[in-house]
Each structure stands twice: as C-alpha cells, then as structure tokens.
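Some notes on the structure that comes next.
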Amino acid sequence: MSYEAIRLDIDSSSHVATITLNRPDKLNSFTRAMHRELADALGEVETSGARALVLTGAGRGFCAGQDLADLDFTPGAMTDLGSLIDEHFNPLIRRLQALPLPVIAAVNGTAAGAGANLALACDLVLAARSASFIQAFVKIGLVPDSGGTWLLPQRVGMARALGLAITGDKLSAEKAESWGLIWQVFDDAELSPAAARLAAQLAQQPTRAIAAIKQAMRTGATRTLDQQLDLERDLQRELGASRDYAEGVQAFIEKRAPRFEGR
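Per the UniProt record's numbering, the very first residue in the sequence shown carries number 1; after that it's consecutive.
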C-alpha cells in the first residue's frame, strides 16, 4: 500500500516496523487523510509479523497536533471537534495502547497538542535533546485531548499536569525526562539509532508477555488491589501455558540466551 502523509518501513530481519509522520512542512500536523493512512499502516503492522513499532516524525518536528487548515471555520458550518475526536483521535489512541507489541515514540522535535499526547500514548518515549512537549490546547481555548487529561496526571502528578495544561508552557525533553513523563533523552543525532536498537531488542523479547504487561499496568490505576491481583493471576496462568515461558525456563536451565517467538 502506498502512502503520502506517512511512511511505513518494515524490516523483516529485525521484525521492526517504523511509521514516520511525513508532512514536515506542516510539522507533521494531522489531517483526516493522515489519520486514514495511519490507521491503514497500523493494520499492515499488525498483520506483517512485526514485533516492535517505532513512531517518529520527518523533519524538525514530531507532530504539531491537528492541522487547523483541515478544519472548517465557516459560521454555521464549523467542524464539530467532538465528532473529529470520536472518528479519528480516540480510535488512534485506543489502538496504540492495545497493540500487542511494544510501541516506541522517537520524538525528534516539537510534540504539541494532540502530537504530544500521541507520543505519550506509546509504551516508551525517547526524545531528542532539542525536542519539547507542549499542551497547546489552552492557547486556542480548548482542553487537552487524545488522552492528555488521563496520561499527564498519571505520569507527573496533578500539580505538574495542571500547570502544563493551564499555561500551555513548553516542556523541554530533559525536564520531561526528569519529571518521569518520558523514558529517555538522547543527543539529536543519536535518537534514531537508539530507537532502532531498542526496538530490535524488544522485538526479540516475549512480546506476548509484553502485551500482558501493558494491559496490567494500564488497568491498575482504575482497579482495586483485589481486582488487580486477580488479573495478575489470570494473565500468569495464560502466559504459563505459552511457548515463550517454556523456552525461557529451558534457556535458564541450559544457561543460554532464550529464543522467544511471541507465542
């Protein structure tokens, strides 16, 4: 399948897929067409046998959120933002969170508005030292969307989350790392190789277990301890019958590196 607003590369040797948002002249801001292409690309990733995904941006920005030029501001016919979110942004965030493989955001520049929360919806966020995160919604009279009001307080606490959302101030990559908002910062030239190395490493891990870890971690905040203990039991029972568990135990006994297959 051919794409214009994104690029999709799947390395069959490393089992790593890379999706690059590809509207560099617009800081990779979202249009409806880009949403549709991204949905199709994620479908390709899921059926390709890829075992890790890197999401990044072309040019000097990661993603500047919604492209306002793609909206209608005609009086009486303005774009219904709720419908836009329902149709495009919410399904994207839900899909990224539910993908049964590790997803790495390689934030190569500005991540603003929905672009910032797109990155935070990934499992691990790596950022270039020059990158920044901006909850820009308040600047145009809106509320953070794409999961921002859920992700931010969980990552950095209510005081910092409110501060970022109410002021719309730019947060540097280094401060984002020190606050626990993202995983790791790299010098700009090192970001892409570092993301590729991490993705290749994760692609060799028991990806079925990684999918279960994602599920358990993300539901923990909304469950009681008893509910979470039961979920851990159920997931452990399921994984205990997997091929990867048997391989991991055998490799440990034989003192060799395991050969996981994600099944």
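We put the beta carbon where it would ideally sit given N, CA and C, even for glycine. Note that the structure is a prediction, hence the values are computed from the model and not measured.
Asked	Found
The alpha helix (DSSP H) with D9 in it runs from where to where?	No alpha helix (DSSP H) holds D9; the beta strand (DSSP E) holding it covers I6 to D11.
Going along the chain, which unbroken runs of the beta strand (DSSP E) with 3 or more residues stay wholly within the stretch 150-198?	170-172 and 184-186
Cβ-heavy atom distance between L38 and the ligand ZN below 6 Å?	This structure simply doesn't include the ligand ZN, nor any ligand for that matter.
Would you call I253 buried or exposed, if buried means 16 or more other Cβ atoms sit within 10 Å of its Cβ?	exposed
Take I10 as the anchor and find which of M34, E37 and S48 has the nearest alpha-carbon.	S48
Just checking my contact of G61 with G109 at CB under 8 Å: how many whole Å lie between their CB atoms?	4 Å
Can you name, in chain order, every residue of its own chain whose Cβ lies under 6 Å from the Cβ of A112, other than the five neighbours on each side?	A64, G65, I134 and A136
State the Cα-Cα distance for the pair P91 and L152, rounded to the nearest angstrom.	19 Å
On a CA-only basis, which of I6, L118, F30 and W179 is nearest L84? Give me that one, please.	F30
Give the list of continuous beta strand (DSSP E) stretches no shorter than 3 residues that lie fully inside the stretch 217-251.	none
Which two residues bound the contiguous alpha helix (DSSP H) that contains S2?	Element bounds for S2: n/a, residue is neither H nor E.
Cα separation between A176 and A121?	15 Å
Going by C-alpha to C-alpha distance, which of Y245, G59, D72 and A52 sits closest to I6?	G59
Which whole-angstrom value is the C-beta distance of D244 and E232, which I expect to be below 8 Å?	About 17 Å; that fails the 8 Å criterion.
Excluding the five sequence neighbours on either side, which residues of its own chain have a C-beta within less than 6 Å of the C-beta of A165, listed in chain order?	Q135 and P144
For my contact list, H88 and R51 are in at a C-beta cut-off of 8 Å; report their separation, rounded to the angstrom.	About 27 Å separates the two Cβ atoms, so there is no contact after all.
What does the Cβ neighbour count give for L38, buried or exposed, with the cut at 16 atoms within 10 Å?	buried
If A195 and A106 are in contact, beta carbons under 8 Å, what's the gap, nearest whole angstrom?	4 Å
Per DSSP, what kind of secondary structure is F30 in: helix, strand or coil?	strand
Could you pull the start and end residues of the alpha helix (DSSP H) that S14 belongs to?	Where S14 is concerned, there is no enclosing alpha helix (DSSP H), given that its DSSP letter is neither H nor E.
Per DSSP, which one or two residues make a beta bridge with S132?	T110 and S172
Kindly list the residues whose CB is nearer than 6 Å to the CB of T20, restricted to its own chain and excluding five residues on each side of it in sequence; keep chain order.	R7, T56 and A58
Is DSSP giving G141 helix, strand or coil here?	coil
One question on the structure: do R208 and G180 come within less than 7 Å of each other, judged by their Cβ atoms?	no
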